[in-house]
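Under this note's numbering, the first residue of the sequence shown carries the number 41, and numbering increases by one thereafter.
Idealized CB from N, CA, C, for every residue including glycine.
Heads up: the structure comes next, in C-alpha cells.
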Amino acid sequence: MDADRTPKIIGTVWGLLILNTLGSAGAKTIVPLPRSLIQMVTMGALVAAFSLALVVNVRLRVRASAYVSLLTLLLVTSVISSAHLESGFGALFRCARFALFVGTLWLLSRWWDGSLTFVRHHIRMYFAVLGSVAAGLVVSPGAALPDLYGGRLVGALWPLTPPQIGQYAAVIIGLTVLLVLGRRTDRVSATVIIVPSLVLLALTHTRTATLGLLIGLALAIGSLLLTSAAARRFFTWAVLCATVAAVGFASLLQAWFLRGQSKENFSSLTGRAKVWDALLAAPRTTGEKLFGVGLGDKSFGGLPIDNSWLAVYNEQGLVGVTLVAAFIIVLGGVALLRPPSLQRACAIFLISYCAIASYTEAGLGDASPYLLHLALAASLLATPAAAAPLAMPEVPRQGVPRRARGSEVT
C-alpha cells in the first residue's frame with residue numbers, strides 16, 4: 041500500500057472521535073439511556089479510536105503540528121491543575137480521556153496533507169448524527185420538541201441539546217457550501233445535506249450557531265472572491281437575499297432570534313452573565329489563578345459556565361487561557377498566510393466559527409467537537425508531504441579498451 045494514501049480505516053477513527061465528543065448529558069430520550077451506558081459507549085469509542093490509529097500507524101510516524109503541540113502543553117497544564125484533586129478524582133479521569141484524544145490526533149497527523157479527505161469524513165459523520173435527530177423528530181415530535189427546552193429541537197434518540205444540534209448543522213452546512221463553490225461535490229448531493237440541516241438548525245433556535253455560520257461563511261467566501269467567480273456570484277446573491285429577508289421578514293426573524301425572552305433575560309445572555317460575574321469574583325489562590333482547579337464539568341456553583349475562555353480560566357488557569365489563545369492565533373495566522381484555495385477557505389470558516397462560539401459555549405479546553413473542528417482546520421492548512429526524491433540507478437562503468445586508453449586526454 042502507498043504510504044501517502046489515506047487508509048479507509050482513518051475515516052472510522054475520525055468517526056469514533058466524533059462519537060466520543062457527543063457527550064453523555066442532554067435531553068430525555070424516548071428510550072431512557074442510563075448515563076453510565078452512554079459514558080461507556082463514548083469512552084469505548086475513544087479507546088477504539090486510539091487503538092485503531094495505533095494499529096494503522098504502528099511505526100508512530102507523525103507530522104510536526106503546532107496545533108497538536110499546543111494541545112499537548114494544555115494537557116500537561118490540565119494534569120498539573122488536576123493533581124491537587126480539588127475537582128475530585130473525576131479530574132484525573134478527564135485528563136486520561138484528554139490524553140487519549142490528543143494521542144489519537146498525533147497518530148492521525150501523519151495523514152494531514154492539506155487534502156479534503158477529513159472534511160468529507162467530518163460531514164458524513166455529523167450528517168449521520170443529524171439523521172438520528174431527524175428520526176427522533178419523526179418518531180416522537182413531543183420528545184424532540186419538549187417544553188423543558190422551550191420547544192427547541194433536542195435529540196430524542198441520543199441525548200443531544202439544542203446548541204449541540206445547531207453546532208453540528210451549522211458546521212456541515214458551511215463546509216458543504218464551500219465544497220459546492222469549489223466544485224468538489226455536485227449540487228444534488230449538497231442539497232440533500234444542506235436543506236435538512238437548515239431545517240434542523242432553524243428548529244433548534246440556536247443563535248450562536250446561526251451567527252457563527254453566517255459570519256464564518258462570509259469570511260471564508262471573502263477569501264475566495266479574488267480567485268473564484270462562483271464565490272463572487274454566491275456572495276452577491278447571498279447579500280441580495282439577506283437584504284430582502286431583513287426587510288420583508290424582520291418581525292419573524294426578530295421573534296425567532298429572541299425566542300420569547302424578555303429584554304432583561306436577553307441582555308444577560310440567558311443568565312450566563314450572572315454565572316460569569318460570580319466566577320470572576322470568586323477568591324482564588326495564586327496557583328488557582330495560574331493553573332486552575334482541574335478539569336471538571338464546565339460548571340461553577342452548579343450552573344454551566346457556557347464560555348470557553350472562562351471555563352478554561354476556571355479549570356486550567358491563565359496558563360490554559362494563554363495556550364488556547366495561542367493555538368487559535370497560530371491557526372488563524374497560518375490561514376491568512378496561505379494563498380487563496382478551497383482548503384484555506386474551509387479552515388477560515390472552522391476557525392471563525394469556533395472563535396465566535398467560544399463566547400457562549402464551552403469546549404476549547406478539553407476533548408470536544410470544537411477541538412475536532414480546529415484539528416480539521418489544522419489538517420487543511422498542513423502542506424503536502426514532500427515526495428522522496430527518486431534514486432537514480434547507478435550505471436556501472438564499462439571497462440575502457442587498452443587501445444583507447446592511450447588516446448584519452450589526460
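Here P344 is bridged, per DSSP, to S339. Comparing alpha carbon positions, the residue from S91, V87, G63, T69 closest to Q79 is G63. For K48, no alpha helix (DSSP H) segment is defined, and its DSSP state is neither H nor E.
P379 and V53 have their C-alpha atoms spaced approximately 30 Å apart. Our two residues, W316 and S268, have alpha carbons roughly 43 Å apart in a direct line. The C-beta of G190 has fewer than 16 other C-beta atoms within 10 Å across all chains shown, which makes the residue exposed. Taking each of L259, L170, P409 in turn and checking the Cα distance to G195, the smallest one comes out for L170. Using a Cβ distance threshold of 7 Å, A85 and N60 count as a contacting pair. L363 is positioned such that its CB atom lies closer than 7 Å to that of L110.
For F167 and Y208, the gap between their C-alpha atoms comes out near 8 Å. If you check the CB distance, L376 and L350 do not come in under 7 Å. A straight-line Cα-Cα distance of about 43 Å links L218 and E328. Three or more beta-carbon pairs separated by less than 8 Å link the region 181-188 to the region 67-78, which places the two stretches in contact. Residue environment for C281: exposed (fewer than 16 other C-beta atoms within 10 angstroms of its C-beta). Comparing C-alpha distances from S118 to each of F138, M165, V108, L147 shows the shortest one belongs to F138. Only buried fits V108, as 16 or more other CB atoms lie within 10 angstroms of its CB.
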